[in-house]
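Colleague: Structure provided below as C-alpha cells; questions to follow.
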Amino acid sequence: MTRATCGWRAWRVATALLAAVVPMVACAQDADPVHLSARAAEARQRGAYDQSISLARQALARDSAHAPAARLLVRALMDVGRYADAAAAGEAFRRASGGAVDADVVTGDALRARGLASEAREAYQRALGGKDSLTARLQLATLALEAGQRDEAMRAFDTFIGAYNANRTRLTADELRAVAVACRYLGRDDPQLFKDALTAYDEAIARDSANLDTRTELGFLFLEKYNGTDARAMFEGVLAINPRHPRALLGMSRVVSFDGRGDASTLVRKSLEVNPSDPEARAISALLLIDVERYDEAAAEAIRGLAADTGAPSPLIALAAARFLAGDSANFTRAIARAHARLPGAADAEVTLADVLARNRLYRQAVAFAQQGAARDPKAARALALLGVNQLRIGRMAEGRANLDRAFALDPYDVWAKNTLDLLDTFDGYVEVQTPRFTFVIEKKDAPLLSLYVAPLAEEAFDSLASRYGYRPAEPVRIEFFRSHADFSVRTVGLAGLGALGVCFGPVIAMDSPAARRVGEFNWGATLWHELGHTFTLGASDHRVPRWFSEGLSVHEERRARPSWGSDVTPEFLAAYQGGMLAPPSHMNDGFMRPRFPQEVVLSYYQASLVAEWIEEEKGIAGIRAMLAAYRRGASTPQAMREVMGLDLAALDARFDAYVRGRFARELGAVALERGGERDGEIRWGGAFADAMRAATSYAERQEWDGAVRELERAKGLFPWYAGEDSPYRTLARIHLVRGDSAAALRELRAMSERSEVAYEANLELAAVAAVRGDTATSLAALERALYISPFDASVHERLAEGAGRASRHGLAIRERQAVLALDPSDRVEAMYQLARAYADAGDVAAARREVLRTLDLAPNFEKAQALLLALRERRP
C-alpha cells in the first residue's frame, strides 16, 4: 500500500526577494504627502515602525484625505500593537475625507483586533462600495465563519473562485491575496484547493513583490501543510529585509518548534518586543512556558494576550491548557468556555489541548480532548490525526489506525499521518511475542534471536522497578523494536530524524532494534531498562512527573541495573558545569526543552540522574516515591522539593551544587572549560587531565612505553570515570598487550568495560584475554555485556556457548546455542546438534532427544547426532 502526499514545490526566495525591494529614497525637502507616504512605506518595510508612523502622520497633516498615508498609518500602528490608535486613525481619515472608504478594511482589521466584531463588520460593509471590496468580502466571510455560520461563510468563499476566473489578469495584489485566503478556507472541503491558494499567493507576490505581509502569510500556509523547509525559506527571506517583522519572527519560532532545533522562545520574545499586544504571540509564548512546566508563568502570559481583546481565542486556549495542567479545573472550565464562545463549532481548543497534553506525556487525556474536538467538528483533520496518533501511543492500535485513515483522507498534506500509516503497513512484517506482562513487537527475521534476550531482561526490569516504585502497570506493556531508526522516529513524532534511542508513552514503548544503529553506538539493553523506567515513574505519578525527573530516574535505574550502564561523568559535563552552561535543578526542564547548545540535552540527562541519585542518598527510595506521589497530587517541582527535601529552589540549587563539587572534587580540579567553543557549538576543555593525555600520546607515538604508561596512570588517577575508546584504560591495555603483560591488560580492559556501556570491542578483547588466562567468569561476563550492545555476531554466541558449557552453566549454554540457530548459520545441522548436546549436558533428556531427532530429520546420516541419540536412549530412566 502506498500513499501519495500532496507536494509543495520549493520556493526560491532569497535573490528574488532582495532584488524586489528597492529602497525609496527621498530628499529632505520632499515634504508633500506622496513623498512622505513613500518614505513611510520604506521605513515600515525595514522595520522602522516609529519612523513610519511619524512620516505617515506628517503626510496626513499636509493632506488629511491622503488614503495611502492613512492605510499605511493604520497598518504601522497595528504592527506595534497599538490597535486602538490604529482604529482611531482610520476613523479620523474617514471623517476628514468626507466619508471615503479607502481605509475601512484596515480600520475593520484594527477594530477586530480589539474584539469589536460588530464595529469591524460595519467597517467592512462600508468598504464593499470601494476599491477594496473583494478584501472586504473576505473579511466579512471570515467573521461569519468565526461566529459559527460555516455554511454562509463557505458559500462566500466559493464566490472568490469565480471572481478569480473572471478577472484573473486584472486583480490587484491585495485581491489575489484575498483569493488565496478564501482558497485556504475552501481547502477544508477540497484539499486540492490548497494548490490554488498557493497559485494565488504566487501571483499576488508577482504583482507586488515588496509586500512582506503576503510572503509571511504564504510561510504560514507552508507550515499549515507541514512544509517546514519552504516555510523557513519564506520567513528567512522576509527577515533578511525586515529583521523586526513581528509575524515573520513568530512564523520562524514555529518553524524552529516544527524542526525541533533551536530555541523558539527567543524568536517569540523578539516578536513581542515589536508587538507586545499580539494575542497569538502571547499564546505561543505561554505554550512554550507550558513545555517547561511553568504553568503559573504560562497563565500570566496568556492573560497578557487578552489585553487588547478579552475574548481572543488563542490566549484563552493557552490559558485553559495552563490551568488544566496546574489542576485548576474551575478556571480551566471558564477559559475553555470563553474560547468556545468565540469559536462555536470549531475544534481549535481541543486540538491545542490534545497537542499540549501529549507533549506533557498525558496521552490518555490527549485522546479524550482529540475525541471532543472531532465531535465538535467532524472535518477537523488535525483533531482526528492527534486522536489516532495518541491512541497508538496507548496501545489502541486498530482505533488509532482508523482515525489516522480518516485524518489523511481529509488532509492529504499531513505528512505525519501519512508516515505513520505507512509505518503501520509494515507491521505485517513484524511478529508479536507474548508474555504475561509484555507484548514484544519485533521484525520477523529478528524475533527468534531478540526474544531470547528481551523477554528475560524486561521481566528482570519489571520486578526491580515494581519493587522500587510500588507500582505495577494494569495491562501488559507493549514494546516495539524498529530495525530502521527512521521508522522508530515516525512511530514517535511522525517524522524521520529524531535523535533518541527510545521513547516511552507509558504502556507502550518504541525503541531502536539493536540492528538500527552501528555496533558501539548504543546499548539496547540499557535503553530497554531506561524506557521501562519511564513506564513505572509515569505510572506512579499518573503521568505528572516532569520530564527532567523521569529522565534522571531512568538513567539512575540504568546504573543500578548494571555497573557499565547509564551515563557517567565526562570531562564535557564537568567543563560545562564549571562554566555555568547547564540549567540548575530549579530549571532542569530548560536543559531538555530549551537547549542553548547542541550537547546540553545529553548533559542534562546525566545531571538529572545526579539529582535523582542525590535525593535517594538523602532520603532513600522513600524520598523518590514521595516526590512521585507529590507530582501525582498535582504538586509543582518547588512544592514537591519543599515537601520532600525541605528546600526552596534557591536552597535546592545550592545543596545540589555542593553535592556535585564534593563528589567530583578531584575531577573538577583536573578539567577546565576553554572559551571559544561556543562559536561552533562545542564544549572545549583542557586542564591537567587533558595535559596528561596529550603527554601520553606523545610518548606512545615515539613508542616510549614507560613514559606513556606513567602519564596514562596519572590521567586515570585524575579522572577514573572516563572510559571511552580514547580513555587511559584502552590505551594502557594496548600498551600492556604489546609488552606481553596480559594480567595488566586484563585489569585495564575490565575497568573500561565495567564503566562504558558501548565498549563492544573492549569486551570481546577482554573475553579473549581472560579465556587465555583461564578466567572463565570474566570471559563470560564480558561476552554477555557485548550482547547487550550487539547480538548479531554468531561467533560471539559460539564463544559464549562453549565457555558456558565448560563452566557447567547449562542454561546459558542452551540459550546461546538457540541464538546461533536463530542467526541461520551456514552449517545448520551442526548448530542443531550442538543445541541437542547442550540440553543433554543440562540433563534435559526429553529436550535433547527432540532436538537430535530434528537434526536427523534434516541429516539422517549425521554420525554425531546418531551417537548422541544412542547415548540418550541409554540414559532413559
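The opening position of the sequence shown corresponds to residue 438 in our numbering, with each subsequent residue numbered one higher. By construction, the Cβ of each residue, glycine as well, lies at the ideal position given by its N, Cα and C atoms. If you're wondering where the values come from, they're calculated on a predicted model, not measured in any experiment.
#1: Between residue 912 and residue 939, is the Cβ-Cβ spacing less than 8 Å?
#2: Taking 8 Å as the threshold (C-beta atoms), are residue 994 and residue 970 in contact?
#3: With 16 as the cutoff for other CB atoms within 10 Å, does residue 588 come out buried or exposed?
#4: Helix or strand or just coil, what does DSSP make of residue 465?
#5: Taking only runs that begin and end inside the region 592 to 662, name each unbroken alpha helix (DSSP H) of 4 or more residues, in chain order.
#6: Residue ranges of each beta strand (DSSP E) run of no fewer than 3 residues wholly in the region 798 to 834, ordered along the chain?
#7: Note the first and the last residue of the continuous alpha helix (DSSP H) segment covering residue 867.
#8: So is residue 669 buried or exposed if we call it buried at 16+ other beta carbons inside 10 Å?
#9: Roughly how many angstroms separate the alpha carbons of residue 676 and residue 768, rounded to a whole number?
#10: Using alpha carbons as the reference points, say which of 1223, 1244 and 727 lies closest to residue 1211.
#11: By a C-beta neighbour count over all protein chains shown, 10 Å radius and 16 as the cutoff for buried, is residue 881 buried or exposed?
#12: In whole angstroms, what separates the C-alpha of residue 569 from that of residue 788?
#13: Can we say the region 1045 to 1054 touches the region 699 to 717, given the rule of at least three CB pairs closer than 8 Å?
#14: For residue 717 and residue 766, which I take to be in contact (beta-carbon distance under 8 Å), what is that distance rounded to the nearest angstrom?
#15: Comparing C-alpha positions only, which one of 999, 1250, 473 and 1081 sits nearest to residue 1237?
#16: Run through the DSSP bridge pairs and tell me what residue 948 is partnered with.
#17: Kindly examine the ligand FMN and report whether one of its heavy atoms sits closer than 7 Å to the Cβ of residue 1218.
#18: In chain order, what residues of the same chain have a beta carbon less than 6 Å from the beta carbon of residue 624, not counting five sequence neighbours either side?
#19: Residues in its own chain within less than 7 Å of residue 1191 by CB, not counting five upstream and five downstream?
#20: Leaving out five residues on either side along the sequence, give the residues of the same chain with a beta carbon under 6 Å from the beta carbon of residue 516.
#21: Indicate whether the contact test is met: 3 or more Cβ pairs, each with one atom in the region 729 to 747 and one in the region 560 to 580, closer than 8 Å.
#22: As a quick exercise: from 1281, 1284, 1273 and 1283, pick the residue whose alpha carbon is nearest that of residue 1304.
#23: Can you look up residue 1307 in the DSSP assignment and give me helix, strand or coil?
#24: How big is the Cα-Cα spacing for residue 871 and residue 1284?
#25: Specify the secondary structure class of residue 693 as computed by DSSP and reduced to three states.
#26: For residue 1110, which residues does DSSP report across the bridge?
#27: Assuming residue 1068 contacts residue 1187 (C-beta within less than 8 Å), just tell me the rounded distance between them.
#28: Ordered along the chain, which non-local residues of its own chain (more than five positions away) have a Cβ less than 6 Å from that of residue 837?
#29: What residue ranges within the region 941 to 1003 form continuous beta strand (DSSP E) runs of no fewer than 3 residues, ordered along the chain?
#30: Relative to the C-alpha of residue 578, which residue among 606, 616 and 605 is closest?
#31: Report the partner residues of residue 880 according to the DSSP bridge assignment.
#32: So is residue 1286 buried or exposed if we call it buried at 16+ other beta carbons inside 10 Å?
#33: With DSSP as the reference, label residue 845 as helix, strand or coil.
#34: Going by C-alpha to C-alpha distance, which of 1025, 832, 695 and 762 sits closest to residue 946?
#35: Using a Cβ-Cβ cutoff of less than 6 Å, which residues in the same chain neighbour residue 557 once the five nearest sequence positions on both sides are dropped?
#36: Quick check: what's the CA-CA separation for residue 673 versus residue 1019?
Modeller: Once the coordinates are examined:
#1: Taking 8 Å as the Cβ cut-off, residue 912 and residue 939 do not qualify as a contacting pair.
#2: Closer than 8 Å, so yes.
#3: Answer is exposed; the Cβ neighbour count stays below 16.
#4: In this predicted model, residue 465 has a pLDDT of only 47, less than 50, meaning its place in the structure is not dependable; the value taken from the coordinates is given anyway. Reduced to three states, the DSSP call for residue 465 is coil.
#5: Scanning the region 592 to 662 from its first residue to its last, the whole alpha helix (DSSP H) runs of 4-plus residues come out as 610 to 623, 630 to 644 and 649 to 661.
#6: Restricting attention to beta strand (DSSP E) runs no shorter than 3 residues, the region 798 to 834 encloses none.
#7: No alpha helix (DSSP H) holds residue 867; the beta strand (DSSP E) holding it covers 867 to 871.
#8: Residue 669 comes out buried.
#9: Looking at the two C-alpha atoms, the distance is approximately 38 Å.
#10: It is 1244 whose Cα lies nearest to the Cα of residue 1211.
#11: Counting every other CB atom within 10 Å of its CB across the protein chains shown gives residue 881 a total below 16, marking it as exposed.
#12: Computed Cα separation, rounded: 34 Å.
#13: The region 1045 to 1054, when compared against the region 699 to 717, does not touch it at the 8 Å Cβ threshold.
#14: Contact check for residue 717 and residue 766: beta-carbon distance about 26 Å, past the 8 Å limit, so the pair fails to qualify.
#15: Shortest Cα-Cα distance from residue 1237 to any of 999, 1250, 473 and 1081 involves 1250.
#16: Residue 948 is bridged to 918 and 939.
#17: For the ligand FMN, the structure offers nothing, since it holds no ligand at all.
#18: Sequence-distant partners of residue 624 (beyond 5 residues in either direction) whose C-beta falls short of 6 Å from its own C-beta, in its chain, are 630 and 631.
#19: Correct list, in chain order: 1000 and 1001.
#20: The beta carbon of residue 516 sits closer than 6 Å to those of 486, all from its chain and outside the five residues before and after it, given in chain order.
#21: These segments do not touch.
#22: Considering only alpha carbons, the answer is 1273.
#23: Note: residue 1307 maps to helix in three-state DSSP.
#24: Across the structure, residue 871 and residue 1284 are spaced so that their CA atoms are roughly 22 Å apart.
#25: Looking at residue 693 - three-state DSSP - the assignment turns out to be helix.
#26: Per DSSP, 1122.
#27: So it is not a contact: roughly 40 Å between Cβ atoms.
#28: 825, 828 and 829, listed in sequence order.
#29: Given a length threshold of 3 residues, each whole run of the beta strand (DSSP E) inside the region 941 to 1003 is given here in chain order: 945 to 949.
#30: Distances from the CA of residue 578 to each of 606, 616 and 605 were compared; the closest alpha carbon is that of 616.
#31: Looking at the DSSP output, residue 880 shares a beta bridge with 867.
#32: Buried.
#33: Three-state DSSP puts residue 845 in a helix.
#34: In this structure, 832 is the residue among 1025, 832, 695 and 762 with its C-alpha nearest to the C-alpha of residue 946.
#35: The residues are 545, 548 and 549.
#36: Between the alpha carbons of residue 673 and residue 1019 lies a distance of about 30 Å.
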